[in-house]
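So the protein sequences, as listed, match chains P and F.
For the first sequence, the residue numbers in the working numbering are 875 to 1232.
For the second sequence, the residue numbers in the working numbering are 3 to 270.
Glycine included, C-beta positions come from ideal geometry on N, C-alpha and C.
Right, one structure below, let's go through it.
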Amino acid sequence: MRSPFSVLTVTALKMYVRNRQVIFFNLFFPVMIVVIFGLINGNGNVAVHLGVVDQAHNQVSQLVISQLQQVKAVKLNTGSLPDEQAALQRGDRDAVVVLPASLGSGPVAIPAYYNAGKPQESGAALAIMNRFVDEASMQYAHVQPSFTLDARPVNSRNLTYVDFLVPGVIALSVMQTGLFSVAFSFVALKQQGILRRLMATPMRVPDFLASRIVTYLVMAVIQMALLVGLGILLYHLHFVGNIAYLIIAGFIGAAIFMAIGFSISGFARDEGAVAAFANLISFPMMFLSGVFFSLSNEPGWLQPITRLLPLTFLANALRSISLDGASLWAVRSDLLGLAVWLVVALVLAVRLFKWEIA
Amino acid sequence: MSIGTSAASGQAIPQTHGFAIEVEGLRKTYGSLVAVDGISFRVQEREIFGILGPNGAGKTTTVEILEGLRQADSGRAVVAGIDVRKEPQRVKSLIGVQLQASAFFDFLNLVELLDMFAALYQRQVDARALLRRVDLEEKASSRVKTLSGGQKQRFSIATALVNEPRVLFLDEPTTGLDPQARRNLWELAQGIRQDGRTIVLTTHYMDEAETLCDRVAVMDHGKIIALDPPSALVSNLLAKGFRRRTVEREANLEDVFLDLTGHELREA
């Protein structure tokens, strides 16, 4: 004999999978975020745009240009002085260097113009140019360099934006699924009288709630697997974490947001009100909790607040677990923050949730 | 049983002394509003019992107390031999409920829904046989939202039959249906009574009550103001000297409608 709980769970999963709208928002949408943001920021390292005006057209100038082309951080453009200066003024160049006609035939000043509005990029461009000029000078004067840099390769983990993004998007979709799915479905169940009809059967309330919660947790696991899998497949995601830890932290987050979803469904009278309340809660967090950008980019006065948001704790925990291979103990401060939120959310849910429309 | 269900729990059948429902001094208030004001009545086994009354008379509150969906403030209600206040879950397992405007889960077909409902009663059900019983077998793999109004009500009754209930509650089952569908539902109700079940029916249609009900209780302001077979109620009124202004003709517009369009069900 199948138990009411197992039948309710299978039924809820069936309904979930057959609901295209839900599949879109819970699976397709987060995947699109990762794919699109990953494409936009795919190359990670920012190149320096350097313009070179070759007025010498001799061996030395050709040598300088060909060597500059081999510098990976430099995106080299050559052109006439007016063209390059115009490009500099448009902001298309970080610096423009003029190789004068007298290059290679004695000491010469090499004019360089730089974009004062982009100090970092133009500084980098000028530093690269300086190295070339110094080397050329020393060779010209037949001086042996007193100091040389002994560069040794180290295999750093070289995190890309996608590495940062994927755990954040997992946290985001766990939040959205918990909040919206729970609140929308329960308000609809109440509004349409479905809940009332079920209450007229001997169905046990805990069975019903548990079947729904299990369904959303299954959904959260699918989201995590999909996003991590996709990240590894498409963007060589640097995932070194324990997947079980990721799921445990994700479940704690899911529980918080489901409880908030249950709370919303207690006082929202219709689906429009659900959308308003759920967006009011999720939208600020989406941008303040370090899902897409590091919290350190936020103004200092805001950080003490944003560091305490449940989505911040969740995103931080998931990020440490997946990128640093952190254990649950290592992310205990984030988990503690989540635990406090879980207690608050559960108290709210118990107080606000109702079986009937308010 | 003709609808092919099998019970799981081996609980003893409660003794009912011939009454499917016994209500004594039932009372329910919402703040200062007295929704049900100390009513008492009994419904016999295999009876079709009507509860009539204008909106706000207390019909729905009364029925919901009997169904175990609400708690009375005071008084006693025994349904199928079980005290509703003491064992609401046990009452729920012995009754069937068709709620006013009840909806069902989307994204499931009729068979899946009936299987789910049966599981809630810890039973297994032959869903197709049950659908055949309410004339919906060809809709077995359809979803509820594709059904017509009459089909929806028949399906709703099918979900109320998964547990072979002793007592079936029908709340305004024919509201919004066309005359053919209403008659079809009446036949279904009479057939269910033939199976040995008791039916409690609320309705705003007096012709429906007159056709179906063995007895009706008329409620107003939370009280039962009349309780008798429809024919007795009419006789009492006539005995008081009541006469209609215009004498009823041998047929009315509904007869004309049915004569013109036939009795056959339309559910294209």
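Starting from residue i, trace the alpha helix (DSSP H) both ways and give me its first and last residue.
i: G243 of chain F; result: Per DSSP, G243 of chain F belongs to no alpha helix (DSSP H) and is neither H nor E.
i: M1049 of chain P; result: 1035-1050
i: V218 of chain F; result: It is not in any alpha helix (DSSP H) - V218 of chain F instead sits in the beta strand (DSSP E) that spans 217-222.
i: L1053 of chain P; result: That residue, L1053 of chain P, is in no alpha helix (DSSP H); it is neither H nor E in DSSP.
i: L942 of chain P; result: 933-943
i: D957 of chain P; result: 955-964
i: T63 of chain F; result: 61-68
Is there a Cβ of chain P sitting closer than 8 Å to that of residue i, yes or no?
i: V99 of chain F; result: yes
i: Y32 of chain F; result: no
i: Q118 of chain F; result: The question names Gln, but residue 118 of chain F in the sequence shown is Met. True, the Cβ-Cβ gap to chain P drops below 8 Å.
i: F107 of chain F; result: yes
i: R72 of chain F; result: no
i: E26 of chain F; result: no
i: E256 of chain F; result: no
i: E189 of chain F; result: no
i: L110 of chain F; result: yes
i: A22 of chain F; result: no
So, for residue i: in the same chain, excluding its five sequence neighbours on each side, which residues have a beta-carbon less than 8 Å away from its beta-carbon?
i: M3 of chain F; result: Confidence in M3 of chain F is poor, its pLDDT being 42 and thus under 50, which makes the residue's placement unreliable; the coordinate value appears in the next sentence. Only E166, D197 meet the Cβ criterion.
i: N989 of chain P; result: L962, G965, R967, D968, A969, E995, S996
i: L1209 of chain P; result: A1123, I1126, F1187, A1191, L1202
i: Q941 of chain P; result: F1006
i: V1114 of chain P; result: S1196, L1197, D1198, G1199
i: G27 of chain F; result: G40, I41, S42, S76, G77, R78
Report all residues from its chain with a CB closer than 6 Å to the CB of residue i; omit the five preceding and five following residues, and keep chain order.
i: A10 of chain F; result: In this predicted model, A10 of chain F has a pLDDT of only 45, less than 50, meaning its place in the structure is not dependable enough to derive any value.
i: R894 of chain P; result: none
i: A998 of chain P; result: V922
i: A183 of chain F; result: G152
i: K225 of chain F; result: D39
i: M1130 of chain P; result: Inspection of the sequence shows that residue 1130 of chain P is occupied by Ile rather than by Met. P1184, W1215, L1216, A1219, listed in sequence order.
i: S976 of chain P; result: V982
i: G98 of chain F; result: A162, L163, P167, L170
Is DSSP giving residue i helix, strand or coil here?
i: P988 of chain P; result: Per the sequence presented here, residue 988 of chain P reads as Tyr, with Pro not at that position. Strand at Y988 of chain P.
i: Y123 of chain F; result: coil
i: E24 of chain F; result: strand
i: T248 of chain F; result: coil
i: D928 of chain P; result: strand
i: N238 of chain F; result: helix
i: L1169 of chain P; result: helix
i: A183 of chain F; result: helix
i: A969 of chain P; result: strand
i: A79 of chain F; result: strand
i: D197 of chain F; result: coil
i: Y32 of chain F; result: strand
i: D94 of chain F; result: Note that residue 94 of chain F is Lys in the sequence shown, not Asp. Correct three-state label for K94 of chain F: helix.
i: V1079 of chain P; result: helix
i: V1114 of chain P; result: coil
i: K141 of chain F; result: helix
i: L255 of chain F; result: helix
i: F171 of chain F; result: strand
i: L1220 of chain P; result: helix
Ends of the beta strand (DSSP E) at residue i?
i: M889 of chain P; result: Not the beta strand (DSSP E): M889 of chain P falls in the alpha helix (DSSP H), residues 878-892.
i: G278 of chain F; result: No information on residue 278 of chain F is available, as it lies outside the stretch 3 to 270 that chain F covers here.
i: G98 of chain F; result: 97-100
i: G52 of chain F; result: 50-54
i: F1006 of chain P; result: Where F1006 of chain P is concerned, there is no enclosing beta strand (DSSP E), although the alpha helix (DSSP H) it sits in stretches over 993-1015.
i: D39 of chain F; result: 35-46
i: K225 of chain F; result: 225-230
Excluding five sequence neighbours on each side, which residues of the same chain lie with their C-beta closer than 7 Å to the C-beta of residue i?
i: L149 of chain F; result: K141, F157
i: L260 of chain F; result: P181
i: D1081 of chain P; result: P878, F879, L882
Check the Cβ-Cβ distances between residue i and every residue of chain F, and say whether any is below 8 Å.
i: R876 of chain P; result: yes
i: M889 of chain P; result: yes
i: T1089 of chain P; result: no
i: V1056 of chain P; result: no
i: G1105 of chain P; result: no
i: R1086 of chain P; result: no
i: R1193 of chain P; result: no
i: V881 of chain P; result: yes
i: N893 of chain P; result: yes
Tell me which residues of the region 124-146 of chain F have at least one Cβ-Cβ distance to chain P shorter than 7 Å, keeping chain order.
Q124
Could you list the residues in the region 1065-1076 of chain P with a C-beta less than 8 Å from some C-beta on chain F, going in chain order?
Q1066, G1067, I1068, R1070, R1071, L1072, M1073, A1074, T1075, P1076
For the region 1040-1054 of chain P, list every residue whose C-beta sits within 9 Å of some C-beta in chain F, in sequence order.
none
Taking Cβ-Cβ distances below 8 Å as the criterion, which residues of the region 1130-1154 of chain P are in contact with chain F?
none
Give, in chain order, every residue of the region 75-99 of chain F whose Cβ lies closer than 7 Å to some Cβ of chain P.
Q91, K94, S95, V99
Under 9 Å, CB to CB, which of the residues in the region 944-961 of chain P have a partner in chain F?
none
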